[in-house]
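J.:
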Amino acid sequence: MPIILKTNYEDWATIKHDGDNVNIRVKQKGEIINNMLITVNSKKDMVFLDVKGSFTADDISKMINIASDK
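1070 is the number of the first residue of the sequence shown in the working numbering; add one for each residue after it.
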């Protein structure tokens, strides 16, 4: 966890989905999110996704809502 904190990622959301823990952290400049680090932790595996792009808070909220609804 300290590595993530040192790279200026901000915790955005933690979601339980199908028994897995999904954590979303973001790095942003102003209103634009430039990078997302998504961690999926299950009983057997751990997956890290490093997503680069240009997102708004609304984009991320929509993604979280879609994942939470399933």
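Ideal Cβ placement from N, Cα and C applies to all residues, glycine included.
#1: For Glu1100, list the residues DSSP reports as bridge partners.
#2: Starting from the Cα of Val1109, find the closest Cα among Asn1077, Asn1134, Asp1087 and Ile1135 and give me that residue.
#3: Just verifying my parser: in three-state terms, what is the DSSP assignment at Lys1131?
#4: Using the C-alpha atoms, what's the distance from Leu1106 back to Asp1119?
#5: Beta-carbon within less than 6 Å of Asn1104's beta-carbon, same chain only, minus the 5 sequence neighbours each way: which residues are those?
T.: Let me spell this out:
#1: Within the DSSP bridge table, the entry for Glu1100 names no partner.
#2: Asp1087 is the residue among Asn1077, Asn1134, Asp1087 and Ile1135 whose C-alpha sits nearest the C-alpha of Val1109.
#3: Residue state, collapsed to three classes: helix.
#4: The alpha-carbon atoms of Asp1119 and Leu1106 are separated by roughly 5 Å.
#5: Around Asn1104, the same chain offers Lys1096 and Lys1121 as residues with beta carbons nearer than 6 Å, after the five sequence neighbours per side are excluded.
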